[in-house]
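Report on the following structure.
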Amino acid sequence: MFFSKRKPAVEAPAHERRRSIRHATVMQVAKIRLSPGREELCLLRDVSPEGLKAEIYLDVAPGTRVEIELRTGHTIGGTVGWIEDSMIGVPFDESMPMAAMLAHCSFDDRLGRLRPPRLVVDMQGLLKVDHQEMAVRIGNISQAGMQIGTSEPLHAGAPCAIILPGLAPRPATIRWSRDGQAGLMLAAPFDYAEFAEWRAALAA
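Note that the working numbering has the sequence shown beginning at 1246, numbered continuously upward.
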């Protein structure tokens, strides 16, 4: 199967060949959890009912237990079977209806559009709004935006800029604000490669 790096010495039976090719090439960002409290993004490359291949930016070892959360909210458990450069193969604990699970889109009720995976984080940031700067705490982040905590009142719709550790200021808009929390939408979302490089640098 595509998530196994071993090549069979002899041709597999027809039913096994059919099983091995029931996969689809995808380019979809998902969330990967390695342990309680540790989650990052990954880029799905190939999926089948039996497993997946994904691009990652963190160090893992064969035998590591992982959970993959799709954009739809479905969570799949498995074990890292192999790792080669930035790619891993993950056989699932049980066969999964991947075509059906990937066919449904997850939408943010407020934004009415596809919602990218969010990572729970705990980091300091600096928010610039109305010619003022204020320290904020980042509670979760995605490629498109983040949730922040602040003691200062903020106004929905106001333009702002957010400075994250190791990054230049990024223009954003305050989408909502209530009870000391606010949601920011980035003017230019992270692409996966940029996000991966940043997260890898923070973990180094």
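The beta carbon of each residue, even a glycine, is placed where N, CA and C say it ideally should be.
With a cutoff of 8 Å on beta-carbon distance, LYS1298 and PRO1362 are scored as not near each other. Within the stretch 1294–1326, the runs of beta strand (DSSP E) at least 3 residues long that lie entirely inside it are, in chain order, 1296–1300, 1310–1314 and 1320–1324. For the pair PRO1336 and THR1324, the CB atoms are nearer than the 8 Å cut-off. Spanning the alpha carbons of PRO1307 and ILE1393 requires a straight line of approximately 35 Å. Collapsing the DSSP output to three states places ARG1290 in a strand. Only residues of its own chain outside the window of five on either side were considered, and among them CYS1287, LEU1288, ARG1290, SER1331 and MET1332 have a CB closer than 7 Å to the CB of GLU1300, listed in chain order. Per DSSP, the continuous beta strand (DSSP E) segment holding MET1430 begins and ends at 1426–1431. A straight line joining the alpha-carbon of ILE1419 with that of GLY1390 spans about 10 Å. When rounded, the separation of the alpha-carbon atoms in ALA1413 and ALA1380 is 15 Å. In the same chain as ALA1417, and ignoring 5 residues on each side of it, the C-beta atoms closer than 8 Å to its own belong to GLY1390, PRO1404, CYS1405, ALA1406, ILE1407, LEU1429, MET1430, LEU1431 and ALA1432, in chain order.
Counting the other CB atoms within 10 Å of its CB gives VAL1365 a total below 16, which places it among the exposed residues.
Scanning GLN1388, GLY1402, GLY1384 and PRO1398 for the CA closest to the CA of TYR1437 turns up GLN1388. Taking the Cα positions, TRP1443 is about 24 Å away from TRP1327. Short of 8 Å from the beta carbon of MET1272, and not among the five residues preceding or following it, lie these beta carbons of its own chain, in chain order: LEU1288, LEU1289 and ARG1290. By the beta-carbon neighbour count (other beta carbons within 10 angstroms, threshold 16), ALA1441 is buried.
Rounded to whole angstroms, the Cβ separation of MET1346 and SER1293 is 12 Å, and the two are not in contact under 8 Å. Of GLU1329, GLY1282 and MET1341, the smallest CA-CA separation from TYR1302 is found for GLU1329. For ALA1449, the secondary structure class from DSSP, reduced to helix, strand or coil, is coil. Boundaries cannot be given for MET1341, as no beta strand (DSSP E) includes it and DSSP labels it neither H nor E. When GLN1426, LEU1399 and LEU1409 are compared, the shortest CA-CA separation from PHE1435 is found for LEU1409. Of all alpha-carbon atoms in SER1422, ASN1385 and GLU1295, the one lying nearest the alpha-carbon of GLU1285 is that of ASN1385.
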